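Have a look at the structure below, then the notes.
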Amino acid sequence: MKNLSENTFSVPFGPQHPALKEPENFMFTVDGERVVDVKIRLGYVHRGGEKAFEARTYTQGLYLVERICGICAMAHQLCYVNNVEALIDIEIPRRADYIRTIIAELERIHSHLLWVGVAGHEVGWDTLFMYAWRDREVVLDLMELTTGNRVLHASNTIGGVRRDLTSEMISRIRKGMKLLKERTNYYKAMIPKERTLMKRAVGVGVLKPQDAVALCAVGPTLRASGIKRDVRRDDPYSAYDETPFDVITYDGCDVASRVLVRVDEILESIKILNYALEHLPSGPIAVRLPRGVPAGENVSMVEAPRGEDIHYLKSNGTDKPERYKVRAPTLANWPAVGAMIKGGYIADIPIVLAAIDPCMSCTDRMTFTEVNSAKSWQWSRDELRRYSLKWRGK
Amino acid sequence: MSENKKEQEIVEALKAKLGQSLLTARIQKPRRIFATVSPSALTDSVKFLMESHGLRHLATITAVDLGKDIAVYYHLIGGEITMNLRADTPKTEPKLPTIVPMIPGAELYEREVYEMFGVIFEGHPDLTHLILPDGWPENVYPMRKEWKTDAIKNEIAKALGEKLE
Chain P
593 MKNLSENTFS VPFGPQHPAL KEPENFMFTV DGERVVDVKI RLGYVHRGGE KAFEARTYTQ
653 GLYLVERICG ICAMAHQLCY VNNVEALIDI EIPRRADYIR TIIAELERIH SHLLWVGVAG
713 HEVGWDTLFM YAWRDREVVL DLMELTTGNR VLHASNTIGG VRRDLTSEMI SRIRKGMKLL
773 KERTNYYKAM IPKERTLMKR AVGVGVLKPQ DAVALCAVGP TLRASGIKRD VRRDDPYSAY
833 DETPFDVITY DGCDVASRVL VRVDEILESI KILNYALEHL PSGPIAVRLP RGVPAGENVS
893 MVEAPRGEDI HYLKSNGTDK PERYKVRAPT LANWPAVGAM IKGGYIADIP IVLAAIDPCM
953 SCTDRMTFTE VNSAKSWQWS RDELRRYSLK WRGK
Chain D
98 MSENKKEQEI VEALKAKLGQ SLLTARIQKP RRIFATVSPS ALTDSVKFLM ESHGLRHLAT
158 ITAVDLGKDI AVYYHLIGGE ITMNLRADTP KTEPKLPTIV PMIPGAELYE REVYEMFGVI
218 FEGHPDLTHL ILPDGWPENV YPMRKEWKTD AIKNEIAKAL GEKLE
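So the protein lines, in turn, are chains P and D.
In terms of the numbering used here, the first sequence is residues 593 to 986.
In terms of the numbering used here, the second sequence is residues 98 to 262.
Structure below.
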């Protein structure tokens, strides 16, 4: 079971960092239909981010950090500017804090809706996929309206934000939220009653609360195991110290709970957005900064849609960071995936993997080893999904 | 500094527990503590912070190349407090005790630091490649400052026995 990927991958140049999602390699040891063990290999889309930060100025880093992930672009950039601003020791205008909160919550809604759709797709319920992705367009249109881009918003700058919200934008966001609230409430009422999903989700991929803590899981994955931890509440940044919201937890510890946590979180995000729009302070949206970043170190965290995102910055007083470390939420959740998958069925692998929302690319491959015959073979993610639907349909 | 009461409590408790082994400790700002301990006191400190102060969540492990030493930061979180516990190890023979038996979630983070900086975590259950491919040239630790991208490229070419574009 060693060296599984040796013959299947030639890894392109680049020693670097796994915060980037996409093709990972799993080694599952299976006994019949049961999964006995899983081993993970990362790095296939490792683009050298951390090394690259050291060779770039802080302003260039602003755009590099966004490209860690297309879906959590705002979360990473927000974590980055929080870090740099903390070292410069500057207060940014309150209006900028609120705008950052608004964009970050729009991003969470878009990411969670995307995920609800993917979860539906993984269990063969493509109607939900169509519905959720249709609704996600509402958010993407609002993103384009407010930041100019559907993805990679480039909305932050060190010292504030780059675009102001006009009253027309505000009224359009409100309208969009009204629509999404209606739709999300519909999903919330429908999903627990829908056997297509529940038959595949209840009791599947169990992560016990003590395991979730010991394996350092984060985000909705952790909260679906009943642990109340959310960076927005525990270590507030931007305007989260003022915006009222509930930290959603469910204690089913399974895939079903992970679905419900995310659906409820969409509603909380809408609540935060409405509050932020109502209480949006007036004033400037950015401050001019002194040149350079003083020497020092800082750790900043944000609650990305997938969970706690932590960045470490060490500055040596020049215009480039001495060290910039990024740990995105997906990496934190891999050890927990091991616990969820062991003892479960092969057919449940796709939905269990999807349940941490790992953003894997479709080119992902998995290697299976049958315990008794030591035979191994590879499936693409799509083949595995088809197998899963066929096997479960029996 | 009454507003940082909890932070002060933790720092004082660490001082009392570790004595000489606690090299530095400072409250950077509300909710953020930086402390340096000697490598021999690392596992004790982590255990103490977990059990006595509930800092059970390891957010990640960060390594920083300081030239002569490699600094390894353990970002431990409990409630609103983030403790950045640091231990330095010499670059010529970098090694630290593993914390996986106490915090199973540290497994991948230690492997990452091992690959990128060459720090050996003694007692780790499976200190193998996680991110870099099998067949990666030995003793090439890409995140160390002395490794420039061109030099890494040459080493890979040598290991593969071919010229890379």
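Positions of the beta carbon are idealized from the N, C-alpha and C atoms, including for glycine.
Everything numeric in this text was worked out from a predicted model, so none of it was measured.
For residue i, name the three-state secondary structure that DSSP assigns.
i       : result
P/A920  : coil
P/N866  : helix
P/E900  : strand
D/H226  : coil
P/L654  : helix
P/M932  : helix
D/E212  : helix
P/W983  : helix
P/T600  : Note that P/T600 scores 31 on pLDDT, short of 50, meaning its location in the model is unreliable and no value can be drawn from it.
D/K255  : helix
D/E190  : coil
P/D1009 : The requested residue 1009 of chain P is not part of the displayed model; chain P covers only 593 to 986.
P/P913  : strand
D/E235  : coil
P/S572  : As displayed, chain P neither begins before 593 nor continues past 986, which places residue 572 of chain P out of reach and without an answer.
P/R957  : Unreliable placement is indicated for P/R957, whose pLDDT of 34 sits below 50; the coordinate value is still reported in the next sentence. Reduced to three states, the DSSP call for P/R957 is strand.
P/D756  : coil
D/H150  : helix
D/K103  : helix
P/D681  : coil
P/S747  : coil
P/N908  : coil
P/I941  : helix
P/G884  : coil
P/A947  : coil
D/G175  : strand
D/M199  : coil
D/V240  : This sequence places Met at residue 240 of chain D; Val is not what is there. Reduced to three states, the DSSP call for D/M240 is coil.
From this set, the options, which residue's C-alpha is nearest residue i's C-alpha?
i      : options                        : result
P/R755 : P/G653, P/I691, P/F645         : P/I691
D/W244 : P/V627, P/E646, P/I660         : P/E646
P/I840 : P/K863, P/I933, P/S830, P/D833 : P/K863
P/L634 : P/N617, P/M666, P/Y650         : P/N617
P/I684 : P/K934, P/P836, P/R787, P/A831 : P/A831
D/P234 : D/I253, D/E190, D/E219         : D/I253
P/R880 : P/Y904, P/E677, P/K934         : P/E677
P/L789 : P/L852, P/N748, P/L771, P/D727 : P/L852
For residue i, would you say it is in contact with chain D, using Cβ-to-Cβ distances shorter than 8 angstroms as the test?
i      : result
P/S861 : no
P/W983 : no
P/C808 : yes
P/Y867 : no
P/R639 : no
P/V891 : yes
P/I902 : yes
P/R957 : Residue placement at P/R957 cannot be trusted, given a pLDDT of 34 that sits under 50; the coordinates are not used to answer.
P/K800 : no
P/T961 : Residue placement at P/T961 is flagged as unreliable, the pLDDT there being 45, under the threshold of 50; the coordinate-derived value follows with that caveat. Not closer than 8 angstroms to any Cβ of chain D, the Cβ of P/T961 fails to qualify, so no.
P/S953 : Its pLDDT being 31, under 50, P/S953 is placed unreliably in this model, and the value from its coordinates should be taken loosely. No, P/S953 lies away from the interface with chain D (no Cβ there is under 8 angstroms from its Cβ).
P/K720 : Sequence check: residue 720 of chain P is Leu here, not Lys. Not an interface residue.
P/K613 : A caution first: P/K613 carries a pLDDT of 40, below 50, which makes its placement in the model too unreliable to give a value.
P/R648 : no
P/W707 : no
P/V885 : no
P/W717 : no
Within 8 angstroms of any Cβ in chain P, is that where the Cβ of residue i sits?
i      : result
D/Y211 : no
D/I196 : no
D/E177 : yes
D/L193 : no
D/I124 : no
D/V169 : no
D/T246 : yes
D/L120 : no
D/E204 : yes
D/N251 : no
- [ ] Closer than 9 angstroms, Cβ to Cβ, to anything on chain P: give me those residues from the segment 222-233 of chain D, in chain order.
- [x] Those would be D223, T225, H226, L227, I228, L229, P230, D231, G232, W233, in chain order.
Open item on the list: Any C-beta of chain D within less than 8 angstroms: which residues of the segment 816-846 of chain P qualify?
Closed with: With the criterion set as a beta carbon lying under 8 angstroms from some beta carbon of chain D, the members of the segment 816-846 of chain P are R821, D826, D827, in sequence order.
- [ ] Could you tell me which uninterrupted alpha helix (DSSP H) segments, each at least 4 residues in length, are contained entirely in the segment 787-847 of chain P, listed from first to last along the chain?
- [x] You should have 787-793, 801-806, 811-815, 823-826.
Task: Contiguous alpha helix (DSSP H) assignments of at least 4 residues, all confined to the segment 694-745 of chain P - done: Counting only runs that start and end inside the segment 694-745 of chain P, the alpha helix (DSSP H) elements of at least 4 residues fall at 718-739.
Task: Contacting positions in the segment 619-646 of chain P - beta carbon closer than 7 angstroms to chain D - done: Per Cβ criterion, the list reads R633, L634, G635, H638, E642, K643.
- [ ] Closer than 7 angstroms, Cβ to Cβ, to anything on chain P: give me those residues from the segment 156-167 of chain D, in chain order.
- [x] Residues of the segment 156-167 of chain D whose Cβ lies closer than 7 angstroms to any Cβ of chain P, in chain order: A156, T157, T159, V161.
Open item on the list: By the 7 angstroms beta-carbon criterion, what residues does the segment 128-155 of chain D contribute toward chain P?
Closed with: Listed by position along the chain: R128, R129, R153, H154, L155.
- [ ] Select from the segment 726-746 of chain P all residues with a C-beta closer than 7 angstroms to any C-beta belonging to chain D, and list them in chain order.
- [x] Residues of the segment 726-746 of chain P whose Cβ lies closer than 7 angstroms to any Cβ of chain D: none.
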